[in-house]
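Student:
2 protein chains.
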Amino acid sequence: MKLSTKGRYAVTAMMDIALHEKVGPVTLADISQCQGISLSYLEQLFSKLRRNGLVQGVRGPGGGYRLAKPASEISVADIIDAVDEKMDLTKCGGKGNCDGGSKCLTHKLWYDLTCDLHRFLSGITLDQYLNRPHINELVKKQDEQYGRFINRRTAA
Amino acid sequence: MKLSTKGRYAVTAMMDIALHEKVGPVTLADISQCQGISLSYLEQLFSKLRRNGLVQGVRGPGGGYRLAKPASEISVADIIDAVDEKMDLTKCGGKGNCDGGSKCLTHKLWYDLTCDLHRFLSGITLDQYLNRPHINELVKKQDEQYGRFINRRTAA
DNA sequence: TTAAATACTTAGTAAATCAGTCAGGAATAG
DNA sequence: CTATTCCTGACTGATTTACTAAGTATTTAA
Ligand code: FES
Ligand code: FES
């Protein structure tokens, strides 16, 4: 578990997709422009997100990315784990066997805390943020500002 | 809010101090040896922890660091905030005024999530980890292994 | 009073990571 | 066919990490 601006970019982008799920696939170019993230950087991130089974790419005109699972089944922890390398646990290298087979003190202290945190972030799924009162108003505003989905019907 | 190995080091070191609170000040040399963190790196981290009022340094022989507040009043969020620079929120630079005075969509999505996370980590205080069943056994084991506090009485 | 132990400070550094560019290839709709 | 999109890989400057080195300041104990 690790949390950096990289994770922030990924979570933001995933939320953008989730918010437009009903309109159809969302292009990285749109996300790049609206959320202010470099296109090439997004491509790197989505390469990881796709390999981890969180999104599904659709090529060709009218394509883009869509969620590979319902928003209710994608947690923030999933996204961060997919994008950020897990930080290593020094001494034992994640094996947890410094102390003759069992976890040593250092390991256990951090391990316990990380588990708590991971459990917390696993409980936060994308859909929890989609239907908040103020959000949908902002989405509409932003879409208009950037002229997104102007000739797009509600997708199949 | 940001979470990296740097934060891990700080939290681990703080827990080491908290675990020996009754024995007296803990030296960075001891922490360095037992938790496997470079001494000079610890000095940098504790410089920040001290400036943020989380620990109190005691100079001279028999000195070390002790908590500046009760363990129940020091949260993991406090430690991480003290040590890790807060990550910036790109476009607006934390001001939250992209959108004509109010927070834009990008900002709001991340802001809401960060608040949830921060609230969670603020609720986790050091003392919650001190009295877990397995921990005290491990502390004793480690102290013996490194010969810590062999001629030290319970401090005033 | 001296010596040792500790906190504290600053400067420097190799390696890693971040965030991005660039250049192209592959699939698909019209 | 052509434009649009995903997709991949190589490369890069800037920053951060984690650490080393070298000192100074303060306190205790002999
Ligand atoms: S650091 Fe993992 S068991 Fe010791
Ligand atoms: S990024 Fe902060 S308000 Fe837009």
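Going down the list, the sequences are from chains W and Y. For the first sequence, my numbering begins at 35 and goes up steadily by one. For the second sequence, my numbering begins at 35 and goes up steadily by one. Here a beta-carbon is modelled for each residue, glycine too, at the ideal position from N, C-alpha and C.
(1) Distance cutoff 7 angstroms, beta carbons only. Does K36 of chain Y sit that close to anything in chain W?
(2) Using a Cβ-Cβ cut-off of 7 angstroms (strictly less than) and excluding sequence neighbours within five positions of L160 of chain W, which residues of its own chain qualify?
(3) Residues of chain W with CB under 8 angstroms from Y163 of chain Y, in chain order?
(4) Assuming E77 of chain Y contacts L88 of chain Y under a Cβ cut-off of 8 angstroms, what Cβ separation, rounded to an integer in Å, is found between them?
(5) What does I169 of chain Y touch in chain W if you count any residue whose Cβ is under 9 angstroms from its own?
(6) So is the beta-carbon of C138 of chain Y under 6 angstroms away from any non-hydrogen atom of ligand 2?
(7) Output the boundary residues of the alpha helix (DSSP H) element that contains G41 of chain Y.
(8) Taking the alpha-carbon positions, what's the H54 of chain Y to H152 of chain W distance?
(9) Using only CA atoms, which one of Y:E171, Y:N165, Y:D150 lies nearest to I158 of chain W?
(10) Using a Cβ-Cβ distance under 7 angstroms, would F154 of chain Y count as near chain W?
(11) Comparing C-alpha positions only, which one of W:P167, W:Q176, W:R85 sits nearest to Q69 of chain W?
(12) Taking all protein chains shown into account, decide if G41 of chain Y is buried (16 or more other Cβ within 10 angstroms of its Cβ) or exposed.
(13) Using only alpha-carbon positions, find the residue among W:L147, W:D64, W:K36, W:G98 that is nearest to L164 of chain Y.
(14) Threshold first: 4 residues or longer. Then list the alpha helix (DSSP H) segments lying entirely within the region 130-160 of chain W, N to C.
(15) Roughly how many whole angstroms lie between the Cα atoms of V110 of chain Y and N86 of chain Y?
(16) Hey, is L203 of chain W's beta-carbon within less than 7 angstroms of any beta-carbon in chain Y?
(17) On the DSSP bridge assignment, give the partners of S109 of chain W in chain order.
Tutor: Put simply:
(1) Yes, its Cβ sits closer than 7 angstroms to a Cβ of chain W.
(2) The residues are M48, M49, A52, A105, I108.
(3) Contact note: Y163 of chain Y reaches chain W through L143, D146, L147, using a C-beta cutoff of 8 angstroms and chain order.
(4) Their Cβ separation, rounded to whole angstroms, is 15 angstroms, which puts E77 of chain Y and L88 of chain Y out of contact at 8 angstroms.
(5) Result: L139, K142, L143, D146.
(6) Ligand 2 approaches C138 of chain Y closely enough that one of its heavy atoms is under 6 angstroms from the residue's Cβ.
(7) From DSSP, the alpha helix (DSSP H) with G41 of chain Y extends over 39-53.
(8) The straight-line gap separating the alpha-carbon atoms of H54 of chain Y and H152 of chain W is approximately 28 angstroms.
(9) Of the candidates Y:E171, Y:N165, Y:D150, the one whose C-alpha sits nearest the C-alpha of I158 of chain W is Y:D150.
(10) Answer yes: the Cβ-Cβ gap between F154 of chain Y and chain W drops below 7 angstroms somewhere.
(11) Closest in C-alpha terms to Q69 of chain W, from the list W:P167, W:Q176, W:R85, comes W:Q176.
(12) Buried.
(13) For L164 of chain Y, the nearest C-alpha among the options comes from W:L147.
(14) Listed in chain order, the complete alpha helix (DSSP H) runs (minimum 4 residues) inside the region 130-160 of chain W are 139-156.
(15) Straight across, the Cα-Cα distance linking V110 of chain Y with N86 of chain Y is about 13 angstroms.
(16) Beyond the ends of chain W as shown, which are 35 and 190, falls residue 203 of chain W; an answer cannot be given.
(17) According to DSSP, residue pairing for S109 of chain W in a beta bridge involves W:T159.
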